[in-house]
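Residue numbers (the numbering used here), protein chains in the order written: chain A, 4 to 358; chain B, 10 to 290.
Worksheet: the structure to be examined is printed underneath.
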Amino acid sequence: MIAADLSMTQDSRPVLGQAALSLQGLSRSFGSLQALSSVSLDIEEGEFFTIVGPSGSGKTTLLRILAGLDQPTEGQLLLRGRDITRLAPNKRPTAMVFQSLALFDHRTVGENVGFALKMRGIAKAKRDARARELLELVRLGAEYFDKPVTQCSGGERQRVALARVLASEPEILFFDEPLSALDYRLRKTLEVELRALQKRTGRTFVYITHSLEEAMVMSDRIGIMRDGQLVQVGSPAEIYGRPDSRFVASFMGEVNILKVAEGRLPELDLPLPGTPDGYVVLRPEALRLEEGTETGAPGFAARVAEVFRLGSRVQLHLESPAGLMIAELPAETQIRPGATARVSFAPEAAHWVAE
Amino acid sequence: MSPGRTGYLFALPVALFLLAGFATPIGIVAWYSLMEPRTFALTAETTLTNYRAAFTEGYGPPFFWSITGAVATTLACALLAWPTAKMLHQLAGRGAAVLTGLIAVPIFVSESVRLFGMSLFLMPGGGILAGSLRALFDVNIGTVLNTKLGVFLGMVYVHFPFMLFPLLLGVALIPQDRRDAARDLGASRWQILREVELPLAMPGLIIGALLTFVLCVGANAEAAILGGQAISVVTRAIEQRFSYAQDWPMGAALTMLVVAVTALVVFPALARIDLNKLIRR
Numbered sequence: 004m005i006a007a008d009l010s011m012t013q014d015s016r017p018v019l020g021q022a023a024l025s026l027q028g029l030s031r032s033f034g035s036l037q038a039l040s041s042v043s044l045d046i047e048e049g050e051f052f053t054i055v056g057p058s059g060s061g062k063t064t065l066l067r068i069l070a071g072l073d074q075p076t077e078g079q080l081l082l083r084g085r086d087i088t089r090l091a092p093n094k095r096p097t098a099m100v101f102q103s104l105a106l107f108d109h110r111t112v113g114e115n116v117g118f119a120l121k122m123r124g125i126a127k128a129k130r131d132a133r134a135r136e137l138l139e140l141v142r143l144g145a146e147y148f149d150k151p152v153t154q155c156s157g158g159e160r161q162r163v164a165l166a167r168v169l170a171s172e173p174e175i176l177f178f179d180e181p182l183s184a185l186d187y188r189l190r191k192t193l194e195v196e197l198r199a200l201q202k203r204t205g206r207t208f209v210y211i212t213h214s215l216e217e218a219m220v221m222s223d224r225i226g227i228m229r230d231g232q233l234v235q236v237g238s239p240a241e242i243y244g245r246p247d248s249r250f251v252a253s254f255m256g257e258v259n260i261l262k263v264a265e266g267r268l269p270e271l272d273l274p275l276p277g278t279p280d281g282y283v284v285l286r287p288e289a290l291r292l293e294e295g296t297e298t299g300a301p302g303f304a305a306r307v308a309e310v311f312r313l314g315s316r317v318q319l320h321l322e323s324p325a326g327l328m329i330a331e332l333p334a335e336t337q338i339r340p341g342a343t344a345r346v347s348f349a350p351e352a353a354h355w356v357a358e
Numbered sequence: 010m011s012p013g014r015t016g017y018l019f020a021l022p023v024a025l026f027l028l029a030g031f032a033t034p035i036g037i038v039a040w041y042s043l044m045e046p047r048t049f050a051l052t053a054e055t056t057l058t059n060y061r062a063a064f065t066e067g068y069g070p071p072f073f074w075s076i077t078g079a080v081a082t083t084l085a086c087a088l089l090a091w092p093t094a095k096m097l098h099q100l101a102g103r104g105a106a107v108l109t110g111l112i113a114v115p116i117f118v119s120e121s122v123r124l125f126g127m128s129l130f131l132m133p134g135g136g137i138l139a140g141s142l143r144a145l146f147d148v149n150i151g152t153v154l155n156t157k158l159g160v161f162l163g164m165v166y167v168h169f170p171f172m173l174f175p176l177l178l179g180v181a182l183i184p185q186d187r188r189d190a191a192r193d194l195g196a197s198r199w200q201i202l203r204e205v206e207l208p209l210a211m212p213g214l215i216i217g218a219l220l221t222f223v224l225c226v227g228a229n230a231e232a233a234i235l236g237g238q239a240i241s242v243v244t245r246a247i248e249q250r251f252s253y254a255q256d257w258p259m260g261a262a263l264t265m266l267v268v269a270v271t272a273l274v275v276f277p278a279l280a281r282i283d284l285n286k287l288i289r290r
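Dropping the structure here:
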């Protein structure tokens, strides 16, 4: 009875057991192009949820609908149980960090950060004080307050954009690949900081990226998108360990995918008893190598085509009966290009997917 | 040769032309304005008589109407051109070229011809406006022709393109994501206009306003063709001094005052904008 009452309220406070954001069959078409087809998902309160997909998979369209900058052609969007599908973005308790950051270059850092508060008619002294606090929170420091945005570096602009959305005290923050333009080291630093900030503020973050690696570092859960559909949702460990399609598996980086038919791997001529028809995914680190081509041990013969030393490990490109395969071995492995080897793997390391 | 030197060299032809065709005549006019009234000599003693006369002998109203008319026309053109520019920018490609052409083509027709056309439109009794209103709605209006309103309509009609085209460039300086970001951060339509769109489009708006204002201060055909005796503008007064009254020094003094007013408006406004921003985009 009480629960029913709570869910009826228009108040946007967290309700136990209710999704922060509930996507119900969201579709969006542009003319004959179906950008999103019936995406359904519940994003939990205080969760860091990342949507990953290649470009053109519909992830930006989805995020724009969540932020209210676009409308779905079908479906509903509920914020804590309340339908906000048609609510204008300036009426929503959500805020977005744009891919371009969309900073107001004609304003100072302080004015950018205080923008949302100014729009609400909050007095200048109060919003300036809040802007300085937020600049500290994103580790820029209050001394940036009077600096023109145009004089900030890439990383500083990121932090300004972050402080600017935090100022509106949003219930949910959206991120549209904001780190994609930064160099590798800065991106790594900011990924960790963003995750820490999310934990500290306890807010719900919805992040989109085309980099699964980025998603793995930051997220509580990941949703993989392909051709406007959400193909798999799960924790980083689940997505990594148990991809449910070849698409998800190959999206995660370099993996070996082999066909299964009638309990065998026909390409390698190896038995794999009890495995239904479909495919198996073999991670590079699951392959074991023995130099020389002695028969006996179960496995297949391959020739080492290339050797890449990656610091902590060695990556090998193998010419196998199934074509190019990739293996990763400990860094101390001594093996040269041109060597022949017997390759094997534990049957339980082969992860089966239907398609 | 250093790039700076080359730049001066390239600027030389236009600099010479401006010196001969623009600076010299202005210099002569300025000198004339200091001569005794109704004389044609350039070698007499200098005097400020003409400037004193400009402030005391009834030239106030023409000055007032020229400047008021220019300000009002500039504001009206800006108000009309803003939504037009935004619409044309959004249409981009689809029909925008046709619409832009329709607005631009009349510029190629002589201004007097267009204004005579407009006088046919505004004429009382059998004019197109008054006649249509009477025939279709049985509404009788007085005359618009030969009134201040008629002059104002003519001024807006003639000068609208000079506001619109710079403003189109200005509107193109507003990235869509800035609008989206402002909306996402809680800004209403009005707040987006004031906080984001106007400041970002400001270079175009200022250039358009300057062009319109300067052209309006120098306009007299609208008042002559559409205004009848309703209004006297300063350019008309200057023309009369030079031709009919044969008082070149007085005309020159009035001219210098118009130049001064224009300079007072133009230079501070130009100092506020970065022209490169408008061109490089």
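Where a beta carbon is used, it is the ideal one built from N, C-alpha and C, also for glycine.
Note that the structure is predicted; figures quoted are calculated from it, not measured.
- In the DSSP assignment, B:F125 falls within the unbroken alpha helix (DSSP H) covering 120–131.
- In the DSSP assignment, A:D108 falls outside any alpha helix (DSSP H) and carries neither an H nor an E.
- When 8 angstroms is used as the limit between beta carbons, A:A166 is near no residue of chain B, the shortest such separation being about 12 angstroms.
- Non-local C-beta neighbours of A:A184 in its own chain, meaning closer than 7 angstroms and more than five positions away in sequence, comprise G157, ordered along the chain.
- Sequence-distant partners of A:T153 (beyond 5 residues in either direction) whose C-beta falls short of 6 angstroms from its own C-beta, in its chain, are D108.
- Here B:R245 has P71, N229, A232, A233 as same chain residues with Cβ atoms under 8 angstroms from its own Cβ, once five neighbours each way along the sequence are excluded.
- Using a Cβ-Cβ cut-off of 7 angstroms, A:F208 does not count as an interface residue toward chain B, since no Cβ of chain B sits closer than that to its own.
- Residues of chain B whose Cβ lies closer than 9 angstroms to the Cβ of A:R123 are, in chain order, G195.
- Residue-level contact by beta carbon fails for B:R14 and chain A, as no gap is shorter than 7 angstroms.
- Chain B places a beta carbon closer than 7 angstroms to that of A:M99, counting this residue as a contact.
- Following the DSSP letters along the chain, one finds B:P71 inside the alpha helix (DSSP H) bounded by residues 69–100.
- Across the stretch 136–158 of chain B, no CB contact with chain A closer than 7 angstroms is found for any residue.
- For A:S253, the three-state secondary structure derived from DSSP is helix.
- Cβ contact annotation for A:R130 (same chain, cutoff 7 angstroms, sequence separation greater than five): G117, L120, K121, in chain order.
- A Cβ of chain B is located within less than 7 angstroms of the beta carbon of A:F118.
- For A:N115, the enclosing alpha helix (DSSP H) has its first and last residue at 112–116.
- Distance between A:I329 and B:K95, taken at the CA atoms: about 55 angstroms.
- A contact is defined here as three or more CB-CB pairs under 8 angstroms, and the stretch 223–243 of chain A meets this definition with respect to the stretch 46–63 of chain A.
- When Cβ-Cβ separations below 7 angstroms define contact, B:D283 makes no contact with chain A.
- A:V55 sits close to A:I227, with the two beta carbons spaced by under 7 angstroms.
- Residues of chain B whose Cβ lies closer than 8 angstroms to the Cβ of A:A23 do not exist; the shortest such Cβ separation is about 18 angstroms.
- Of B:L43, B:V122, B:A272, the smallest CA-CA separation from B:T52 is found for B:L43.
- Every unbroken stretch of the beta strand (DSSP E) spanning 3 or more residues and falling wholly within the stretch 202–258 of chain A is given here in chain order: 207–212, 224–229, 232–237.
- Taking the Cα positions, A:A252 is about 23 angstroms away from A:E309.
- At a cut-off of 7 angstroms between beta-carbon atoms, A:N93 makes contact with chain B.
- Residue burial is scored here from C-beta neighbours: B:D147 has fewer than 16 other C-beta atoms within 10 angstroms and is therefore classed as exposed.
- Of all residues in the stretch 182–211 of chain B, the ones placed with a Cβ closer than 7 angstroms to any Cβ belonging to chain A are D186, R187, D189, A190, R192, D193, L194, G195, A196, S197, Q200, V205, P208, L209, in chain order.
- With 16 or more other Cβ atoms from the protein chains shown falling within 10 Å of its own Cβ, A:Y210 counts as buried.
- A:L65 is a Cβ neighbour of A:L39, given a cutoff of 7 angstroms.
- The beta carbon of A:L143 sits no closer than 7 angstroms to any beta carbon of chain B.
- The bridge partners DSSP lists for A:S32 are A:Q37.
- Taking C-beta separations shorter than 8 angstroms and ignoring five residues to either side along the sequence, the partners of B:A50 in its chain run M44, following chain order.
- Of all residues in the stretch 57–72 of chain A, only A70, G71, L72 place a beta-carbon less than 8 angstroms from a beta-carbon of chain B.
- Relative to the Cα of A:R142, the nearest Cα in the group A:A164, A:R123, A:A128 belongs to A:A164.
- Between A:A304 and A:D280, the C-beta spacing is not below 7 angstroms.
- A:S103 reaches chain B at D186, counting residues in chain order whose Cβ is nearer than 7 angstroms.
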